[in-house]
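Protein chains in written order, with full-length UniProt numbering: chain D, 1 to 217; chain A, 1 to 217; chain X, 1 to 217; chain W, 1 to 217.
Ideal Cβ positions, reconstructed from N, Cα and C, are used throughout, including at glycine.
The structure appears right after this line, and notes come after that.
Protein chains: 4
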Amino acid sequence: MARTIGSHGPKTMEAIRKAGLRLIFEHGYAAMSLRQLAAEVGIQSGSLYNHISTKQELLFDLVRDHINELLRQLDRALQGKQRPADKLRAFVAFHVTYHMTKKREVFIANSELRSLEPKNYEEIVALRGAYEQRLAAILTEGVAEGEFEVVDVQVATFAILALLTGLTTWYRPGGRLTKEAIVAAHEKLVLSSVAPTGTADRASQCAPSPRSGLARR
Amino acid sequence: MARTIGSHGPKTMEAIRKAGLRLIFEHGYAAMSLRQLAAEVGIQSGSLYNHISTKQELLFDLVRDHINELLRQLDRALQGKQRPADKLRAFVAFHVTYHMTKKREVFIANSELRSLEPKNYEEIVALRGAYEQRLAAILTEGVAEGEFEVVDVQVATFAILALLTGLTTWYRPGGRLTKEAIVAAHEKLVLSSVAPTGTADRASQCAPSPRSGLARR
Amino acid sequence: MARTIGSHGPKTMEAIRKAGLRLIFEHGYAAMSLRQLAAEVGIQSGSLYNHISTKQELLFDLVRDHINELLRQLDRALQGKQRPADKLRAFVAFHVTYHMTKKREVFIANSELRSLEPKNYEEIVALRGAYEQRLAAILTEGVAEGEFEVVDVQVATFAILALLTGLTTWYRPGGRLTKEAIVAAHEKLVLSSVAPTGTADRASQCAPSPRSGLARR
Amino acid sequence: MARTIGSHGPKTMEAIRKAGLRLIFEHGYAAMSLRQLAAEVGIQSGSLYNHISTKQELLFDLVRDHINELLRQLDRALQGKQRPADKLRAFVAFHVTYHMTKKREVFIANSELRSLEPKNYEEIVALRGAYEQRLAAILTEGVAEGEFEVVDVQVATFAILALLTGLTTWYRPGGRLTKEAIVAAHEKLVLSSVAPTGTADRASQCAPSPRSGLARR
DNA sequence: AATGAATGAGCTTTCATTCAT
DNA sequence: AATGAATGAAAGCTCATTCAT
Chain D
1 MARTIGSHGP KTMEAIRKAG LRLIFEHGYA AMSLRQLAAE VGIQSGSLYN HISTKQELLF
61 DLVRDHINEL LRQLDRALQG KQRPADKLRA FVAFHVTYHM TKKREVFIAN SELRSLEPKN
121 YEEIVALRGA YEQRLAAILT EGVAEGEFEV VDVQVATFAI LALLTGLTTW YRPGGRLTKE
181 AIVAAHEKLV LSSVAPTGTA DRASQCAPSP RSGLARR
Chain A
1 MARTIGSHGP KTMEAIRKAG LRLIFEHGYA AMSLRQLAAE VGIQSGSLYN HISTKQELLF
61 DLVRDHINEL LRQLDRALQG KQRPADKLRA FVAFHVTYHM TKKREVFIAN SELRSLEPKN
121 YEEIVALRGA YEQRLAAILT EGVAEGEFEV VDVQVATFAI LALLTGLTTW YRPGGRLTKE
181 AIVAAHEKLV LSSVAPTGTA DRASQCAPSP RSGLARR
Chain X
1 MARTIGSHGP KTMEAIRKAG LRLIFEHGYA AMSLRQLAAE VGIQSGSLYN HISTKQELLF
61 DLVRDHINEL LRQLDRALQG KQRPADKLRA FVAFHVTYHM TKKREVFIAN SELRSLEPKN
121 YEEIVALRGA YEQRLAAILT EGVAEGEFEV VDVQVATFAI LALLTGLTTW YRPGGRLTKE
181 AIVAAHEKLV LSSVAPTGTA DRASQCAPSP RSGLARR
Chain W
1 MARTIGSHGP KTMEAIRKAG LRLIFEHGYA AMSLRQLAAE VGIQSGSLYN HISTKQELLF
61 DLVRDHINEL LRQLDRALQG KQRPADKLRA FVAFHVTYHM TKKREVFIAN SELRSLEPKN
121 YEEIVALRGA YEQRLAAILT EGVAEGEFEV VDVQVATFAI LALLTGLTTW YRPGGRLTKE
181 AIVAAHEKLV LSSVAPTGTA DRASQCAPSP RSGLARR
C-alpha cells in the first residue's frame with residue numbers, strides 16, 4: 001500500500017534533484033528541509049535516504065555536476081576561436097545562454113558555496129577557479145595584444161563574471177526580450193567594457209555575433 | 001546575581017546588530033542561530049529579546065536601515081553632477097566605495113531578500129527599486145543625449161549593478177589593490193561598457209518596448 | 001540505533017492519549033509540558049509529532065471524542081423512557097455512572113474549555129449545548145406535565161449538571177461508597193430538587209431505582 | 001521619566017490583585033504570565049516584585065484571603081438561625097449572593113487548588129474543609145431532626161456545594177434574571193433536594209425567602 | 001525502494017525571577 | 001517603587017538522520 005503518489009523507481013533520483021534544485025533556489029539550502037523536499041517528490045522524508053546519503057551531499061552533487069558541465073560546454077564553445085575579441089564574445093554568448101537555461105543551477109553554485117563543508121567547498125572553489133581562469137586568460141591575451149584595455153585583469157574578470165551572472169536574479173523565460181536580444185545586450189556591454197579608451201578597433205568590438213540580432217516578441 | 005559577564009546596557013543593541021551582520025554575512029540568515037548570535041554578544045539567547053522582537057525583524061531592520069542610508073548617501077554623491085558621464089562616474093565611485101566599507105550590509109541586502117516575510121520583502125524591494133531607478137535614469141539620459149549606447153537600458157542597469165555589487169564577494173581590506181585603484185578599475189569598465197561603438201546600427205539597438213519591465217525575485 | 005526503549009508502533013497514539021488525559025487532569029493543559037507527556041509515554045518529545053499535530057489538537061481531540069461518546073451513550077440510556085421522572089432518573093443514573101468511569105475525560109471537558117482556541121472552543125460548546133439541551137428538555141416537559149416544579153428551567157439545568165459533575169472532583173474508585181450508593185444518592189437529590197413543593201406525585205418522584213441501595217465496604 | 005502610565009504608589013498592590021484575579025479567572029494560573037499581569041497594571045514585570053514575592057504567593061494570597069472572608073461572612077449570615085431549614089436557606093442565600101459578587105475569587109479558589117504548592121494547598125484545603133463542614137453540620141442536624149432526608153450526608157454536602165458553585169461558570173451581571181430570582185431558584189432546588197420523600201414539613205421547606213421572586217428586566 | 005516511527009540535537013521564543021540604577 | 005537588562009530554565013516544535021518492516 002506504499003507509494004500512493006509520487007514517483008517510481010529509477011526516476012525518483014531525478015525528481016529529487018529537480019525538486020532540490022528548485023527549493024534551494026527559492027529558499028536557500030539551510031532553509032530547505034528534507035521534509036519539504038520529500039513532500040515535493042511525493043515520498044516520505046526517510047525514503048530520500050535510498051537515493052542520497054546526506055543533505056550536504058545532495059547540494060555538493062548538484063553544484064559539482066553543474067560546474068563540470070559548465071566547464072565542458074565552455075571549452076566546446078571556445079573551440080576554434082582565435083582572436084581575443086572572438087573568444088570573449090563566444091564566452092559571453094555561451095555564459096549568458098547557459099545561464100538562461102540553467103539559471104537555478106548557476107544561482108545555487110554561486111550563492112550556496114558557503115553552505116558547503118570545507119572539503120566540498122575547496123573542491124568546488126577549485127573548479128570555479130578553472131572557469132574564471134578561462135576568462136582571465138582571454139582578457140590577459142587581449143590586453144597583451146592591445147585589443148583590450150583594463151585597469152586590472154583580476155578585477156575585470158570578477159566584474160565581468162558578476163555582470164553576466166547577475167542575469168540569474170532577474171531572467172524569466174517568456175519575458176520582454178528574446179534570448180538573442182539578451183545575449184546581444186550583454187555582448188555589447190562586455191565587449192565595450194574592455195575596449196581601449198582612446199581609439200578603438202571598432203569593427204572587431206561591436207559586430208554582434210552572427211546568430212544574434214535584436215528581436216521583439 | 002545577574003550580568004556577570006557579557007555586554008551591558010545600551011551598547012548591547014549595537015553589539016547585536018554588528019554580530020548579526022557578520023553572522024548573516026558568513027552563514028546566511030537561516031543558518032544563523034540566535035544562540036550563536038547571543039554567544040557572540042556575550043549574553044544568553046533569551047536576553048536578545050530585550051533588544052529585538054524577532055529574528056526576522058532583526059534582519060529586516062538591518063536591511064532597511066542599510067538601503068535607506070545607501071539612498072541618502074547616493075543622492076548626496078550625485079549632487080551637482082550635470083552631464084550623464086559625470087553622473088555615471090560619480091555613481092560608480094560612490095557605489096564601489098560604499099560597498100567596500102559596508103560590504104556585509106550590501107551583501108545581505110542583496111542575498112537575503114528571499115528570507116524576508118512578504119510584507120517586509122515588499123517594503124525592501126520598493127526601496128531597492130528606487131536605487132536602481134537612479135542608475136536607470138542616468139543611463140536613459142545618457143542614451144538620449146548620445147553620450148551612451150546600450151542595447152537595452154533595463155538590462156544595462158541590472159548588469160552594471162551586478163558588476164559593481166560583485167565586489168562584495170571578493171573584496172578584503174588590505175588586499176593587493178588600493179581602494180582608489182579598485183574604484184578606477186570599475187569606472188573604466190562601466191564607463192566603457194556604455195560607450196557608443198562608433199559606427200553602429202543605432203536605430204535598431206535601443207528603443208525599449210514601451211509596455212514592459214523585467215521581473216526579479 | 002532507534003527505538004531502544006519506550007513505546008512502539010500503533011500503540012503509541014493510545015499511550016499518548018491516556019497519558020495526556022492523566023496529565024491534563026492532574027496539572028491542567030497549560031501546566032502540562034509535552035516533555036512530561038513524552039517521558040510518560042517513553043519517547044522523546046519530538047517523537048510525539050509523529051502522532052499528534054499540535055498540543056492544542058491533542059486537547060481538542062480528547063475533548064471532542066469524549067463529548068461525542070457522551071452524547072451517543074446518553075441517547076441510548078434514555079431510549080424507551082416515557083415519563084419525565086423516568087427520563088430524569090435515567091439521565092442521573094447515566095451521568096453519574098459515566099462520570100465515575102471517565103472522570104478524567106469529564107473533568108477536562110469541563111475545566112479546559114478555556115484552553116481551546118476560538119474555533120475549537122465553538123465546536124465543543126455547540127456539542128456541550130446539545131447535551132445540556134437533553135436535560136433542559138426533560139425538565140421543561142416535566143414542568144409542563146406538572147410532575148416537576150422549578151423556579152427557572154435554565155437555572156435548574158445548569159445547577160443539576162453542576163451538582164452531578166461535581167462528582168469528578170472527589171470520586172475515587174474503592175472509596176467508602178459503592179457505585180450504586182452514589183448513584184442512588186444523586187437520584188434522590190436531583191429528583192427531589194425538582195419535586196413540586198405542595199402535593200407531589202410521590203411515588204414517581206422518589207422511589208429509588210431498584211438496583212441501588214446504600215452499602216458500606 | 002518612569003511610570004508614564006499605570007498606577008501609582010500604594011494603589012499598585014490593589015491593581016495587581018485585581019488584574020491577577022481577572023487573568024487567572026480567564027486564562028488559568030499556569031497560562032497567565034507575569035508579563036501580561038504587569039502590562040495590565042501598567043508597569044514592567046520586574047516591578048511586580050516590589051509588591052509580591054512570587055507568582056505562587058500571589059495565587060495563594062488571593063485564594064486564602066477569599067476563603068477567610070467567605071468563612072467570616074458565612075458565620076455572620078448564619079447567626080441567629082435556629083432550625084436546620086432556616087440555616088440551610090440562609091446558607092444557600094449567602095453562598096449564591098456571595099458567589100455572584102465575587103465570582104472570580106470563588107472560581108479560582110475552586111479551580112486553581114491544583115496549582116498550589118503542597119504546603120499552600122494543605123492550608124487552603126483545611127480552610128475549605130471548615131466551610132464544607134458548616135454545610136455538613138446543617139445537613140446532619142436536619143437529618144437527625146427528621147427535617148431532611150438524604151442518602152448520604154457527605155455526598156449531599158459535596159453535591160449541594162457543586163450545585164451552588166456552578167453558578168460562577170454562567171452568571172453574568174445584567175443577565176436575564178435578577179439576583180433575587182437566582183437566589184430563589186437555588187433555594188428551591190436545594191431545599192427540595194433534601195426534603196423527606198414521604199411526609200414533610202412542607203411549610204418550612206419550601207417557602208421561599210420573603211424578599212425573592214422571579215423578575216425580568 | 002518505500003513507510004512510519006523513532007532519535008537526539010537544535011530551533012525561536014517565553015518564562016519567572018534578579019538586581020544595579 | 002520603578003526601570004531595563006540580565007539570567008537560566010523551559011516551552012512547543014522542527015530538524016536531519018536511522019532503521020525495522
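Legend entry - Nonlocal neighbours in the same chain, by C-beta distance under 7 Å from L48 (chain A), ignoring five residues either side: On the second sequence, residue 48 (chain A) is found 48 positions in, with the first residue counted as 1. Within the same chain, L48 (chain A) has close Cβ partners I16, L34, L37 and A38.
Inset, instruction - Tell me the start and end of each unbroken alpha helix (DSSP H) in the region 145-209 of chain A that is at least 4 residues and wholly inside, in chain order. - result: If we require 4 residues or more, the alpha helix (DSSP H) runs fully inside the region 145-209 of chain A come out as 153-165, 179-193 and 202-206.
Inset, instruction - Determine which residues of the region 166-191 of chain W have a Cβ less than 9 Å from any Cβ of chain X, and write them out in chain order. - result: Hits within the stretch, in order: G166, L167, T169, W170, R176, L177, A181, I182, A184, A185, H186, E187, K188, L189, V190 and L191.
Inset, instruction - Give the interface partners of F158 (chain A) over in chain D, defined as CB-CB distance under 7 Å, in chain order. - result: Residue numbering aside, residue 158 (chain A) sits at position 158 when the second sequence is read from its first letter. The answer, in chain order, is G166 and W170.
Inset, instruction - Take every Cβ of the region 165-182 of chain X, pair it with every Cβ of the region 182-190 of chain W, and state whether three or more of those distances are shorter than 8 Å. - result: Remark: fewer than three beta-carbon pairs, one from each stretch, lie closer than 8 Å, so the region 165-182 of chain X and the region 182-190 of chain W are not flagged as touching.
Legend entry - A71 (chain D) to D65 (chain D) span [Cα, whole Å]: As a working mapping, residue 71 (chain D) is identified with position 71 in the first sequence. As a working mapping, residue 65 (chain D) is identified with position 65 in the first sequence. Contrary to the premise, residue 71 (chain D) reads as Leu rather than Ala in this sequence. Rounded to whole angstroms, L71 (chain D) to D65 (chain D) spans 10 Å at the Cα level.
Legend entry - Short CB-CB distance (under 9 Å) between G28 (chain A) and chain D: The residue labelled residue 28 (chain A) in the question sits at position 28 within the second sequence. It does: the Cβ of G28 (chain A) has a partner Cβ on chain D nearer than 9 Å.
Inset, instruction - Measure the C-alpha to C-alpha separation of R22 (chain W) and L116 (chain W) and round it to an integer number of angstroms. - result: As a first step, residue 22 (chain W) is located in the fourth sequence; it is residue number 22 there, counting from the start. As a first step, residue 116 (chain W) is located in the fourth sequence; it is residue number 116 there, counting from the start. When rounded, the separation of the alpha-carbon atoms in R22 (chain W) and L116 (chain W) is 18 Å.
Legend entry - Helix, strand or coil at Y49 (chain X) according to DSSP, with G and I counted as helix: Position 49 of the third sequence, counted from the start, is the residue given in the question as residue 49 (chain X). Looking at Y49 (chain X) - three-state DSSP - the assignment turns out to be helix.
Inset, instruction - Specify the secondary structure class of I43 (chain W) as computed by DSSP and reduced to three states. - result: For the purposes of this step, residue 43 (chain W) is identified with residue 43 of the fourth sequence, where counting begins at 1. Residue state, collapsed to three classes: coil.
Legend entry - Contact with chain W by Q133 (chain X), beta-carbon distance below 9 Å: Translated into the one-based positions of the third sequence, residue 133 (chain X) becomes position 133. So, not an interface residue.
Legend entry - Identity of the residue in A:R89, A:A159 and A:K11 nearest G142 (chain A) by Cα: The residue given as residue 142 (chain A) occupies position 142 in the second sequence. The option with the nearest alpha carbon to G142 (chain A) is A:R89.
Inset, instruction - Using the Cα positions of G19 (chain X) and H27 (chain X), report the straight-line distance between them to the nearest angstrom. - result: Taking the third sequence and counting its residues from 1, the one referred to as residue 19 (chain X) is at position 19. Taking the third sequence and counting its residues from 1, the one referred to as residue 27 (chain X) is at position 27. The question names Gly, but residue 19 (chain X) is Ala in the sequence shown. A19 (chain X) and H27 (chain X) have their alpha carbons spaced roughly 12 Å apart.
Legend entry - 6 Å CB neighbourhood of F107 (chain W) in its chain, flanking five on each side removed: Walking along the fourth sequence from the start, residue 107 (chain W) turns up at place 107. Taken in chain order, the residues that qualify are F25 and T168.
Legend entry - Cα-Cα separation between E105 (chain D) and V63 (chain D), rounded to whole angstroms: On the first sequence, residue 105 (chain D) is found 105 positions in, with the first residue counted as 1. On the first sequence, residue 63 (chain D) is found 63 positions in, with the first residue counted as 1. When the Cα atoms are used, E105 (chain D) and V63 (chain D) turn out to be separated by approximately 7 Å.
Legend entry - the region 135-151 of chain A contacting the region 83-98 of chain A, beta-carbon criterion three pairs below 8 Å: Touching, yes.
Legend entry - Secondary structure of S115 (chain A), DSSP reduced to three states: As a first step, residue 115 (chain A) is located in the second sequence; it is residue number 115 there, counting from the start. S115 (chain A): helix per DSSP, three-state reduction.
Inset, instruction - Would you mind sorting K103 (chain D) into buried or exposed? The rule is 16 or more other CB atoms within 10 Å of its CB. - result: Reading the first sequence from its first residue, position 103 is the one you call residue 103 (chain D). K103 (chain D) should be labelled buried.
Legend entry - L189 (chain D) versus A:Y171, A:T165, A:T157 and A:W170, residue with shortest Cα-Cα distance: Here residue 189 (chain D) refers to the residue found at position 189 of the first sequence. Cα-wise, what sits closest to L189 (chain D) is A:T157.
Legend entry - Contact residues within the region 101-115 of chain X, judged by C-beta distance below 8 Å to chain W: Within the region 101-115 of chain X, the residues whose Cβ lies closer than 8 Å to some Cβ of chain W are S111, R114 and S115, listed in chain order.
Legend entry - Same chain, Cβ closer than 6 Å to residue 218 (chain W), neighbours up to 5 away in sequence not counted: The requested residue 218 (chain W) does not occur in the structure, where chain W is confined to residues 1 to 217.
Legend entry - Inter-residue spacing [alpha-carbon to alpha-carbon] between A207 (chain A) and D75 (chain A): Mapped onto the second sequence, residue 207 (chain A) falls at position 207. Mapped onto the second sequence, residue 75 (chain A) falls at position 75. Note on A207 (chain A): pLDDT 32, under 50, position unreliable in the model; the coordinate value appears next. When only Cα atoms are considered, A207 (chain A) and D75 (chain A) end up about 28 Å apart.
Inset, instruction - For E149 (chain A), decide whether its Cβ has a neighbour in chain D, counting only Cβ atoms nearer than 9 Å. - result: On the second sequence, position 149 is the one that residue 149 (chain A) refers to. Chain D contact via Cβ: present.
Legend entry - Contact with chain W by L163 (chain X), beta-carbon distance below 9 Å: For the purposes of this step, residue 163 (chain X) is taken as the residue at position 163 of the third sequence. Yes, its Cβ sits closer than 9 Å to a Cβ of chain W.
Legend entry - Below-9 Å beta-carbon distance, C206 (chain W) vs any chain X residue: What you label residue 206 (chain W) is simply residue 206 of the fourth sequence in a count that begins at 1. Annotation note: pLDDT 35 at C206 (chain W) (below 50); position unreliable, coordinate value reported separately. So, interface residue.
Legend entry - Test item: CB-CB of R114 (chain X) and I67 (chain X) under 9 Å: The count along the third sequence starts at 1 and reaches residue 114 (chain X) at position 114. The count along the third sequence starts at 1 and reaches residue 67 (chain X) at position 67. No, Cβ-Cβ distance for R114 (chain X) and I67 (chain X) is not below 9 Å.
Legend entry - Contact residues within the region 121-146 of chain X, judged by C-beta distance below 7 Å to chain W: From the region 121-146 of chain X, no residue has a Cβ closer than 7 Å to chain W.
Inset, instruction - Measuring only between beta-carbons, confirm whether S7 (chain D) sits less than 9 Å from chain A. - result: By one-based count along the first sequence, residue 7 (chain D) stands at place 7. Low confidence applies to S7 (chain D): its pLDDT is 47, below 50, so where it sits in the model is not reliable, and the reading given next is rough at best. Output row for S7 (chain D): interface = no.
Inset, instruction - Identify which residue in A:D61, A:V96 and A:L191 has its Cα closest to the Cα of Q73 (chain A). - result: For this step, residue 73 (chain A) is matched to residue 73 along the second sequence. Q73 (chain A) has its Cα closest to that of A:V96, out of A:D61, A:V96 and A:L191.
Legend entry - Contact with chain A by A90 (chain D), beta-carbon distance below 9 Å: Counted from its first residue, the first sequence places residue 90 (chain D) at position 90. Closer than 9 Å: no.
Legend entry - Own chain partners of Y131 (chain W) with C-beta closer than 8 Å, once the 5 adjacent residues on each side are dropped: Mapped onto the fourth sequence, residue 131 (chain W) falls at position 131. I67, L70, L71 and L74, listed in sequence order.
Legend entry - chain A within 9 Å of D152 (chain D), Cβ atoms only: Along the first sequence, read from residue 1 onward, the residue named residue 152 (chain D) stands at position 152. Yes, D152 (chain D) lies at the interface with chain A (some Cβ there is under 9 Å from its Cβ).
Legend entry - Under the three-state DSSP convention, the category M32 (chain A) falls into: Position 32 of the second sequence, counted from the first residue, corresponds to residue 32 (chain A). In this structure, M32 (chain A) counts as coil in the three-state DSSP scheme.
Legend entry - Counted within 10 angstroms of its Cβ, other Cβ atoms place G46 (chain A) as buried (16 or more) or exposed: Indexing the second sequence from 1 puts residue 46 (chain A) at position 46. Under a 10 Å Cβ-count criterion, G46 (chain A) is classified as exposed, with fewer than 16 other Cβ atoms of the shown protein chains found around its own Cβ.
Inset, instruction - Quick one: using the 10 Å Cβ neighbour count with 16 as the cut-off for buried, is G166 (chain A) buried or exposed? - result: As a position in the second sequence, residue 166 (chain A) is number 166, starting the count at 1. When all chains shown are included, G166 (chain A) counts as buried.
Legend entry - Backbone CA spacing between A126 (chain A) and R134 (chain A) [nearest angstrom]: The residue given as residue 126 (chain A) occupies position 126 in the second sequence. The residue given as residue 134 (chain A) occupies position 134 in the second sequence. Cα to Cα, A126 (chain A) sits roughly 13 Å from R134 (chain A).
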